[in-house]
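The structure appears below as structure tokens.
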Amino acid sequence: MPRRHLPLRRPTVLKILLVCLAAAWLAASPGRAAAPRFYSDDPIWRDPESQDASKVQPIKVSDQYDLVENSFLGAGDKTERRAANVNTVDQVPDSSWFTNRVGPLQKGSMDVAALTTGPDTARGPAPGPWTVISRKSEGVTPGFTIRDAAGEIYWIKFDPVEFPEMASGAEVISTKFFHAFGYHVAENYLATLNLDALQIAPDATMKDEDGRPRKLTRDDLDAILERAARRPDGTYRVLASRNIPGRPLGPFRYYGTRPDDPNDIFLHEDRRELRGLEVFAAWLNHDEVRSSNSHDSVIAHEGRQIVRHHLLDFGSTLGSDSVKAQSRRAGNEFVWESRPTLITMLTLGLYVRPWIKVDYPDLPAVGRFESTYYRAENWKPDYPNPAFRKARADDRFWAARIVAALPDGAVAALVRTAEYGDPRVTEYVTKTLIERRAKVLGTWLNATNPIVNVALSRAGELTFENAAERAGVAKPAERYQVQWSRFDNTSGAHHPIGDELTVSTPRAAAPAELTGSSPDYVSARLSAFHPDQPGWAGPVVAYFRRADDGWSLVGLERNP
Amino acid sequence: MRIRRTGLLLATTLFLPTTALPQTTRTEALEQQRSDRAKQLETYKPGRLEKLFLNADEGKLQRWIAPHNGFFAGYGYTYKPSGAGFALGGGFRHDLFDRRARVVFEAGESFRNYHMVRGDFSLPRLARGRLELGVEGVYRHQPQDDYYGPGPDSRSEDRVSFLYKDQEFQGRAIATLRPWLSAGTRVAHLAPKIRSGTDDRFPSIEEVFDDAAAPGLSEQPAFLYGEGFAEVDYRDETGHTRAGGHYSLTFRKYSDRDFDKYGFRSVDLVLQQYIPIFDKKRVFALQLAVAGTDANDGHQVPFYMQPTLGGGQTLRTSRDYRFRDTHAMWMNAEYRWEAFSALDMALFTDWGKVAPKFSDLDFSNLEHAYGIGFRVIAARTVIFRLDLATGSEGMRTVVKYSRVF
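If you read the protein sequences in the order shown, they are chains A and B.
Just so we're aligned: the first sequence equals residues 1 to 560 in my numbering.
Just so we're aligned: the second sequence equals residues 1001 to 1405 in my numbering.
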């Protein structure tokens, strides 16, 4: 059938003419010249969230819709592109989403004590009576809200009867880890509930079956406590989660932006800390990393109101699924995947998904957590996450470097914050995390060129490091190749100088003609080679700007 | 008009001084982006589908249609029998006396003109929730129940319909002795009536059968009955069981209050066992059920109170109530496998028979069915079941909105 060509209407022609005119004007105007590649303050280390967000309104997210939308409707942008919120040296500036705490931007040596303190600003509920003010109505974990003797409000959650210490342990450990990674999290404390110190506020309420508030009674508390693990002395180990400060706004989504937040200019699926979150979630088996387990609140910041973004509810991490042991599917398969489903249907169930047959330790406080079957690259959350789907090798590399920054001692210290009664549990969780970490690093530090810490001395000596080698997950590269260029910051053009150099150690001299002359910017294109590591071959491009005391790294591109 | 708007827009864009200034720092550039965005803010508005889910999440629709307290409506109704067809029910229910008591008034009607009216008053939380006392009154009207004649040799071509209706007033006491163990008793007055069936496709019962083939057809007494039951239930989930067991034994004694001809006792035994493998992703589900009646000396068990076999819960190649006699037994075995979390499949087989004597409930001449099933699961409950069966009575498709066992 011949294609029909519709004649252009006059207004359309006029419109095109106008647009062309405007484009020509824009191109010619000096005031509107293309922005330079590097600004004078690059790289920035704090994202300037300069707008007042006091008018942002709360939103609700449906858990079921989130599942449907992400599993079947393909939520979010799918254009392959570099993370949008990284600075020019490929790092994430501090923001209302993220704070650099460990990793490449860590200031000073590792402060393990600070890591174990995590987000905590108090010591948990104050000694004295706990007054129940409402029953917890959200989430699957039984619990209630109390006001402690000091007037602070805490959400109290319990461990399931069959798995004492499991959910609370997982939540405390993961809170510390995610805080260390750089995210904003709630303050979660382990505490002891003594029934003698528990009282019900006269105006305490809960929602009835129809969602209407009704008076909370002792029977209602007993019903919660019946589902909770109790210690032999009659007390309960509980997780006390402190109210997050600020005006609550509900969850954030892993795609798009919050349309009423003026500071939210980067698509969430293009935020590196949300893309890289996949690596952390995979390490800690946080399969429920989804919108409903996040929380935005309006807080005061430098004289204005901004939205701060938190990760919430780590009850379904490690081997815990809050009210039961973690599902075997968790981390291994989405809730819905057509291929294994069809194979299972057609083979009358004779095909058994391999993860169903994985062995787990007989330690109730652990639940289901292991490192033998685990593969970092195969790990999946409960359902597709738009930010994870867009994660690239450089995003995962960024996250893996943060993981690499936590040594065995730090991992062990963070696990100890769970205060497990059985030392075997502490030992097992620590060992499993360390083994899983090795797989995370082996996978993601080698999936791209691992060259880091690139520096150019005043004398023109280029030095760099191999992050994979440094983390012990790869042998040294057989060789590195370096291509030097002058870089035109206005046009973005590279002008190669000399031939590509090959060196066997992470060190190379810049050509004298380059450093001796007076370019403001130079670039070095670096490749690493090892027959076992095909992922290394892609280049890293480092940019240096002439400074009073030599050269400063102003840009770094991995996967350019 | 449109072109004017475009021109105006371009002019505004090109000559506005605010965005024309180049930024000299990254910070300024980002601040400018945010400043521009601040001029275009809008409130988040969920789409239609999302709104639907949000309402469902909050239970708004559920609370509006079927609240725990208040007027309610829904698919089906209490005591809706197999064969009633599509039915709707509704009524009023409410907790009373600070949740210590509960009252329910309910009525239901099916497209086949089955209906039911019921009232119930209970004290469900006595002894810290371990004892329930209650009274109930029910009127049932079932105009198209099926009868094929007595015994295992009844013929499907002899199908007739009859109207069954009754009034029942019942008192009950149910004790939950352990979370997995309950026992109780009921005392009731039951007044059934049998009339001509209204299913046009088949003759009415009196046109084909007489009292000899359908005891109690010409006269229906009122009964007083007493019941005792015990139940062990340690299933992991009741709506979608993957592990555990469920065993129940119910004994009833019916006394004929009018004719002294239809007094009898009945015993119902149900044993269900669920054997999981592969982390409950595969389950062998087994059921054995035996129902027996024993008439008093010189008495008969009315045909409409006899155990039946057939239908989607017992023998899937046969229609509901296909076989009736004073004794019945059926066995079901299913191999279930999870295709994914919302869909189970099953290979199944059903075996059963009815007999006039308990001693005849052996393993000879069993009716049988086998087939494949698909079950949709939501909220840990089977909400839809499609079973394709074939066997001693040919092929049949079973569609139900509930589990088998």
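Glycine residues also receive a C-beta, built at the ideal position from the N, C-alpha and C atoms.
Partner residues in a beta bridge of B/R1201, as assigned by DSSP, do not exist. Around the beta-carbon of A/D359, fewer than 16 other beta-carbon atoms lie within 10 Å, marking it exposed.
About 11 Å separates the beta carbons of B/L1041 and A/D52, which is beyond the 8 Å limit, so they are not a contact pair. Contacts with chain A at 8 Å (Cβ-Cβ) include B/K1281. The CB of A/K60 comes closer than 7 Å to the CB of L1054 in chain B, given here in chain order. The beta-carbon separation of A/F334 and A/S71, rounded to 7 Å, stays under the 8 Å limit for a contact.
Sequence-distant Cβ neighbours of B/A1191 in its own chain, meaning closer than 7 Å and more than five residues away, are D1166, Q1167 and A1222.
Annotated three-state conformation of A/R218 is helix, per DSSP.
Counting other Cβ atoms within 10 Å of its Cβ, A/Y183 reaches 16 or more and is therefore classed as buried.
The straight-line gap separating the alpha-carbon atoms of A/S241 and A/W484 is approximately 53 Å. Between B/I1372 and B/L1343, the gap from beta carbon to beta carbon reaches 8 Å or more. The C-beta distance from B/G1151 to B/V1354 rounds to 7 Å, short enough to meet the 8 Å contact threshold. Exclusion of the five residues before and after A/Q57 leaves L249 and D260 as the residues of its chain whose Cβ lies within less than 8 Å of its Cβ.
Taking 9 Å as the upper bound on Cβ-Cβ separation, chain A lies near residues R1063, P1067, H1068, N1069 and G1070 of the region 1063–1077 of chain B.
The region 41–48 of chain A and the region 83–103 of chain A touch, with no fewer than 3 CB-CB distances between them shorter than 8 Å.
A Cβ of chain A is located within less than 8 Å of the beta carbon of B/Y1044. Contact between A/K439 and A/R375 holds: their C-beta atoms lie close to 7 Å from each other, under 8 Å.
Minimum Cα-Cα distance from A/K390 among the listed residues A/L267, A/P164 and A/R329 corresponds to A/L267. The alpha carbon of B/D1350 has as its nearest neighbour, out of B/R1375, B/L1181, B/T1390 and B/F1072, the alpha carbon of B/T1390. By the neighbour-count definition (other C-beta atoms within 10 Å, threshold 16), A/Q106 is an exposed residue. In this structure, the straight-line span from the alpha carbon of A/A528 to that of A/L445 is close to 13 Å. Around the beta-carbon of B/G1129, fewer than 16 other beta-carbon atoms lie within 10 Å, marking it exposed. In the structure shown, B/K1261 adopts coil according to DSSP, grouped into three states. Of the residues assessed, A/V185 falls on the buried side of the cut-off, its CB having 16 or more other CB atoms within 10 angstroms. At least one CB atom of chain B sits nearer than 8 Å to the CB of A/D47. A Cβ-Cβ distance of about 11 Å is found for the pair B/Y1148 and B/F1162, leaving them out of contact under the 8 Å criterion. About 5 Å separates the beta carbons of B/R1265 and B/K1253, which is inside the 8 Å limit, making them a contact pair. In this structure, A/G421 keeps its C-beta atom at 8 Å or more from the C-beta atom of A/M166. Ranked by Cα distance from A/S322, the first of A/P164, A/R558 and A/Y543 is A/P164. A/Y428 carries a helical assignment under DSSP once its states are collapsed to helix, strand and coil. Beta-bridge partners of B/A1328 (DSSP): B/A1291 and B/V1354.
When DSSP states are grouped into helix, strand and coil, B/W1337 belongs to the strand group. By the criterion of a C-beta distance shorter than 6 Å, A/T344 is surrounded in its chain by Y351, once the five residues flanking it on both sides are discounted.
Of the residues B/L1288, B/P1302, B/A1073 and B/S1364, the one whose Cα lies closest to the Cα of B/A1333 is B/L1288.
Counted as a single uninterrupted DSSP element, the beta strand (DSSP E) harbouring B/A1183 occupies residues L1181 to S1196. The beta strand (DSSP E) runs lying completely inside the region 113–142 of chain A and spanning 3 residues or more are 130–135, given in chain order.
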